[in-house]
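Residue numbers (the UniProt record's numbering): 1 to 417. C-beta atoms are modelled at their ideal positions from N, C-alpha and C, and glycine is treated no differently. No experiment lies behind these values; they were computed from the predicted model shown. Here is the structure we will look at.
As structure tokens, then:
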């Protein structure tokens, strides 16, 4: 696009914007991190032999509390998969406190210090996905944008969009467009409804409050508060901005593309993703395509990430000083968070690209045949039907050309009349 609205910002204008963004990100990361370390110091005093919490361990065996620290080292892959899901969501979410956080943060130290651009696991589902650019002028191309992650998007589309009304053998073409979202700069009711981990955090604090009410022991609420603060600091790091998936299949904004299962020949369900409308275009997604990966911002994240890893390590050590009842309470809280993280990673979500949700605007079912369905697509979106025929149904190319000639002859006869 040559429009100045989408042109790349110059280095002169981009520098103050980058500094301002870096300052805001550092502020949103530093405050929770400072509060987390203050909470760690308070918890350390509370559980120390001279602290008020030591009396709760007087008659305990101490055999359960090491299990809490051990479980913080298990299943870091769940956290990774949850981050992969929440990074692409609208509004932004964070994984919940559960098993594996210590192993996850320590395991990411090496790629973060190395400056790796990719911190999230690659989607295994992407190998089964076929992406076709619908750029009629340049000819249909495959995906050129490495930051488009179609695997999860296609799975979410298949689960959330309009259900098929035709036979299993019918080819269905579904056209989707981006829809605007309410502002996510504040915790609106929309944000709370969409943010699935809020309910888990509230439930975890209810469990911690119930434990305090029963035992008058503040160790569990203190440790849970520390965990939430450390997770918030982790999720606010600027390194996650490089993990944001882009909504564009090609190398520039505005290109429509089609998604389908690659192993289905011919494909049963084809999704055409229309480009975002100019008035609701996602600025963050556009900027991600224009601005290269910033190693300066990544370098700023290194000391913060080391402190976060140290915070989780200190918390794991403090968990070994818990009473048996407090250890059981922490295990229950971590179990709830792990179940929530598994649900975040595994369950389909509302389909989102480039920070905007998708809305189905048209469903075309090929009950009269594949060529008939694609002809209807061609009548609505010129050039798209031909791209799909050539890429997905080459065996129907002769029938397609014959149908085109028939339509042209009928049009000529109509003009003569």
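Worksheet entry | residue 283 to residue 357 span [Cα, whole Å] | Bear in mind that the predicted position of residue 283 carries a pLDDT of just 46, short of 50, making it unreliable; the figure below should be weighed with that in mind. Rounded to the nearest angstrom, the two C-alpha atoms are 15 Å apart.
Practice prompt. Evaluate residue 397 with the Cβ neighbour count: other Cβ atoms within 10 Å of its Cβ, from every protein chain shown; 16 or more gives buried, anything less gives exposed.
Written response: Exposed, because fewer than 16 other Cβ atoms sit within 10 Å of the Cβ of residue 397.
Fill in: Cα-Cα separation between residue 151 and residue 323, rounded to whole angstroms
Near 45 Å, if we compare the C-alpha coordinates of residue 323 and residue 151.
Practice prompt. Determine, using beta-carbon pairs with one atom in the segment 197 to 210 and one in the segment 221 to 232, whether at least three such pairs fall under 8 Å.
Written response: A contact exists between the segment 197 to 210 and the segment 221 to 232.
Item to complete: Please confirm whether residue 197 and residue 340 have their CB atoms less than 8 Å apart.
Response: Taking C-beta atoms as the reference points, residue 197 and residue 340 count as a pair closer than 8 Å.
Discussion item. I'd like the span of the alpha helix (DSSP H) that includes residue 375, first residue to last.
Written reply: Counting along the chain, the unbroken alpha helix (DSSP H) around residue 375 starts and ends at 370 to 380.
Worksheet entry | Pair within 8 Å by beta-carbon distance, residue 173 and residue 272 | It is a contact, given that the beta carbons lie within the stated cut-off.
Worksheet item: Bridge partners of residue 257, per DSSP?
Response: Looking at the DSSP assignment, residue 257 forms a beta bridge with 133, 273.
Practice prompt. Can you give me the start and stop residues for the alpha helix (DSSP H) that residue 333 sits inside?
Written response: Element bounds for residue 333: 324 to 346.
Worksheet item: Between residue 400 and residue 389, is the Cβ-Cβ spacing less than 8 Å?
Response: Judged by their CB atoms, residue 400 and residue 389 are nearer to each other than the 8 Å cut-off.
Worksheet item: Less than 8 Å separating the beta-carbons of residue 42 and residue 316?
Response: The Cβ atoms of residue 42 and residue 316 do not sit closer than 8 Å to each other.
Practice prompt. At 4 residues or longer, and completely inside the segment 96 to 122: list those alpha helix (DSSP H) runs for me, N to C.
Written response: Within the segment 96 to 122, the complete alpha helix (DSSP H) segments of 4 residues or longer fall at 101 to 107, 109 to 114, listed in chain order.
Worksheet item: Quick one, are the C-beta atoms of residue 75 and residue 344 less than 8 Å apart?
Response: In terms of Cβ geometry, residue 75 and residue 344 do not form a close pair [threshold 8 Å].
Discussion item. Relative to the C-alpha of residue 175, which candidate in 361, 31, 330 has its C-alpha closest?
Written reply: A check of alpha carbon separations from residue 175 across 361, 31, 330 identifies 361 as the nearest.
Worksheet item: Just the Cα atoms here: how many angstroms apart are residue 30 and residue 157?
Response: Their backbone Cα atoms lie some 37 Å apart in a straight line.
Worksheet entry | Bounding residues of the alpha helix (DSSP H) (the contiguous stretch that carries residue 362) | From DSSP, residue 362 is part of no alpha helix (DSSP H) but of the beta strand (DSSP E) over 356 to 365.
Discussion item. Do residue 319 and residue 96 have their beta-carbon atoms positioned less than 8 Å apart in this structure?
Written reply: One thing to note: residue 96 has its Cβ no nearer than 8 Å to the Cβ of residue 319.
Worksheet entry | Which of helix, strand or coil DSSP assigns to residue 178 | Assigned with DSSP and collapsed to three states, residue 178 falls in strand.
Item to complete: Could you tell me which residues DSSP puts in a beta bridge with residue 353?
Response: The beta-bridge partner set that DSSP reports for residue 353 consists of 356.
Worksheet item: Quick one: what's got a C-beta closer than 7 Å to residue 330's C-beta in the same chain, skipping five residues either side?
Response: Excluding positions up to five away in sequence, the list reads 68, 220, 223, 319, 322.
Item to complete: With DSSP as the reference, label residue 172 as helix, strand or coil.
Response: Reduced to three states, the DSSP call for residue 172 is strand.
Worksheet entry | Same chain only: Cβ atoms within 7 Å of residue 262, ignoring 5 sequence neighbours per side | Only 128, 129, 130 meet the Cβ criterion.
Item to complete: Grab me the residues of residue 179's own chain with a C-beta within less than 6 Å of its C-beta, minus the 5 sequence neighbours each way, in chain order.
Response: Shown here for residue 179: same chain residues with a beta carbon closer than 6 Å to its own, the five before and five after excluded, namely 357, 359 in chain order.
Worksheet item: How about residue 104 and residue 338: do their beta carbons lie closer than 8 Å?
Response: Their beta carbons are not under 8 Å apart, which means residue 104 does not touch residue 338 by this criterion.
Worksheet item: Is it buried or exposed for residue 385, if we count other Cβ within 10 angstroms and need 16 for buried?
Response: Looking at its Cβ environment, which holds 16 or more other Cβ atoms inside 10 Å, residue 385 is buried.
Worksheet item: Comparing alpha-carbon positions, which option in 229, 333, 402, 113 lies nearest residue 204?
Response: Ranking the options by Cα distance to residue 204, first place goes to 333.
Fill in: Start-to-end residues for the alpha helix (DSSP H) that takes in residue 430
The structure shown does not extend to residue 430, since the chain is modelled only from 1 through 417, so no value can be given for it.
Discussion item. Just to confirm my understanding: we take residue 374, look at its own chain, exclude 5 residues before and 5 after, and list those with CB closer than 6 Å. What are they?
Written reply: The residues 385, 388, 389, in chain order, have a CB closer than 6 Å to that of residue 374 in the same chain once the five nearest residues on each side in sequence are set aside.
Worksheet item: With respect to the alpha helix (DSSP H) encompassing residue 57, which residues constitute its N-terminal and C-terminal limits?
Response: Premise fails: residue 57 is in no alpha helix (DSSP H) and is neither H nor E.
Fill in: Test item: CB-CB of residue 80 and residue 109 under 8 Å
Their beta carbons are not under 8 Å apart, which means residue 80 does not touch residue 109 by this criterion.
Worksheet item: How would you label residue 236, buried or exposed, when you count the other beta carbons within 10 angstroms and need 16 or more for buried?
Response: Classification for residue 236: buried.
Practice prompt. Please name the residue, chosen from 312, 371, 230, that lies closest to residue 402 on a Cα-to-Cα basis.
Written response: When each option's Cα is compared against that of residue 402, the closest is 371.
Worksheet item: Straight-line CA distance for residue 363 to residue 171?
Response: Distance between the alpha carbons of residue 363 and residue 171: 11 Å.
Practice prompt. Would you mind sorting residue 378 into buried or exposed? The rule is 16 or more other CB atoms within 10 Å of its CB.
Written response: Taking a 10 Å sphere around the C-beta of residue 378, we find 16 or more other C-beta atoms and assign the residue as buried.
Worksheet item: In terms of residue numbering, what span does the alpha helix (DSSP H) encompassing residue 204 cover?
Response: Residue 204 -> alpha helix (DSSP H) spans 197 to 215.
Worksheet item: Can you give the Cα-Cα distance for residue 342 and residue 82, rounded to whole angstroms?
Response: About 7 Å.
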